[in-house]
Structure formats: structure tokens, C-alpha cells
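Sequence order for the protein chains is A and B. Here the UniProt record's numbering is used: position 13 in the first sequence is 13, and no number is missing along the way. Here the UniProt record's numbering is used: position 24 in the second sequence is 24, and no number is missing along the way. A short write-up of the structure that comes next.
2 protein chains.
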Amino acid sequence: MHLLGGRWRLLIASYLIDGPKRFNELRRLIPGISQRMLSLDLRALEDARLVARTVFPTVPVKVEYALTEEGRRLGKVVAVVQEFGLWLKDRDAS
Amino acid sequence: MHLLGGRWRLLIASYLIDGPKRFNELRRLIPGISQRMLSLDLRALEDARLVARTVFPTVPVKVEYALTEEGRRLGKVVAVVQEFGLWLKDRDAS
DNA sequence: CAGCATCCACGAAGATACTG
DNA sequence: CAGTATCTTCGTGGATGCTG
Chain A
1 MHLLGGRWRL LIASYLIDGP KRFNELRRLI PGISQRMLSL DLRALEDARL
51 VARTVFPTVP VKVEYALTEE GRRLGKVVAV VQEFGLWLKD RDAS
Chain B
1 MHLLGGRWRL LIASYLIDGP KRFNELRRLI PGISQRMLSL DLRALEDARL
51 VARTVFPTVP VKVEYALTEE GRRLGKVVAV VQEFGLWLKD RDAS
């Protein structure tokens, strides 16, 4: 829960499931997240070896974030939590 | 994530899966949780109609907490997150 | 037993500005 | 583009004491 309980981490992971994403790409995909939190959370996921950070030495720099092989285990967690969230939202709507 | 992201809620739910529990029973089962947090989190789960609170008017009072029919949906979430947590712990141990 | 009230500490998160 | 630095705010959770 300490690793996943944050407000954004599972959400970030959910976007990485369908392929690598760049920093600002993630920022756009996740409305409301601050540069700072995206940076910190990506770093935490990286430290847990669930996300890999690849730097392409172009100009300007291009940085890609992708789930590692181990990080793919997050897929199931994301799916189940997401399903639960949707059910809850739907239930409370009606 | 707002509903489940707390430190204890999923853990509390995990203990309720195998049957109703009393307040102090949960306290004993969950080392480290404070009275306050147990109370607050149970209330939150109750407000979400995932947990039902039953008061038996005995002396002293007996209060039971149980998952509702809807609350049983937490079972899958608990299982998957728990599995992930165990895997992570095991991986980092070796 | 099963709590609530109060006060306090700390980390998570937000805002803003700046940089290679 | 992809961040870091700094400051501030806010929510979560802990400690303690009290009650029907």
C-alpha cells in the first residue's frame, strides 16, 4: 500500500500499460498532476524497478518511461482496481 | 484510490472477508492501528456501503462489522493487491 | 467494550519559479 | 522537453484522555 497507495502511481502505471510514454505525454494524459508529483512518482516506480527510464540523447532530449517486465505485474492490479472504481462510480451515480 | 488508498482500509477489508468481526477483535488482528483510525476507516467503508455495522444491545454493547453484499467486491481487489505485495516483498528479500 | 474529542506531527501534494 | 528547487498547504495518522 505504501508503494501503490499514492494518488497517482497506479494511474500512471495504467497509462504505461499500453506502451511507453514520454514525460510531457503523461502530463497531458493525467489532468491535474503536477510536474513535481509526476517526477517523484515516476522516480519511485523506477526505484522499485517497475518502470524503466530511457533517455534518447537527441536535441531536445527525449525521455521514455515504460513498464519493465516485472512492472507488467501492475497490469492486473490496475485492472482490478479500475474495475472496482468504475463499478463504484456507476453505483453511486444511480 | 481515494476510498481504498488509505493505509488500512484494504487491510481491514481483508479481515472481514472471512466473516464478521468486532471492533476490538479487529484492533487485535491489525497490529499498529490506532482506535481512531480503525474507527474512521470503518466509518468510511460503512458510508460507502461496503461494510455493515450491527449493534447488539447487550451489556456491554457488542458491535459487529461485516462486508455487505456489495462489499464482497473488495475480495478480488484485496486478493490481487495482496498477491502483488507478497511478490514484491519476496523479490526484494532475494 | 466500543467508541468520540482534542491536539499535534509529519509526509504527501500543490504552486511557482527556474534550468540544461 | 524534461525536469529540479523551494515554499506552502493540506490531509492522514498518532497520542492521549474521556464516556455510555
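Ideal placement from N, C-alpha and C gives every residue a C-beta, glycine not left out.
Q: Can you pull the chain B residues whose beta carbon is under 9 Å from the beta carbon of Lys76 of chain A, in chain order?
A: Val80, Glu83, Phe84
Q.
Please report the straight-line C-alpha distance between Ala93 of chain A and Glu46 of chain A, rounded to a whole angstrom.
A. 36 Å
Q) Under 8 Å, do Trp87 of chain B and Arg28 of chain A count as touching if we go by C-beta distance? A) no
Q: Output yes or no for whether 8 Å exceeds the beta carbon distance between Leu10 of chain B and Val78 of chain B.
A: yes
Q: Report yes or no: do the segment 19-28 of chain A and the segment 62-73 of chain A share at least 3 C-beta pairs separated by less than 8 Å?
A: yes
Q.
Against Ile1 of chain B, what residues of chain A qualify as contacts under a CB-to-CB distance less than 7 Å, listed in chain order?
A. Here residue 1 of chain B turns out to be Met, not Ile, going by the sequence shown. The answer, in chain order, is Arg7, Leu10.
Q: Check whether the Cβ atoms of Met1 of chain A and Arg7 of chain B sit closer than 8 Å, and answer yes or no.
A: yes
Q | For Val51 of chain B, the nearest candidate out of B:Gly19, B:Asp90, B:Arg91, B:Gly5 (CA to CA) | A | B:Gly19
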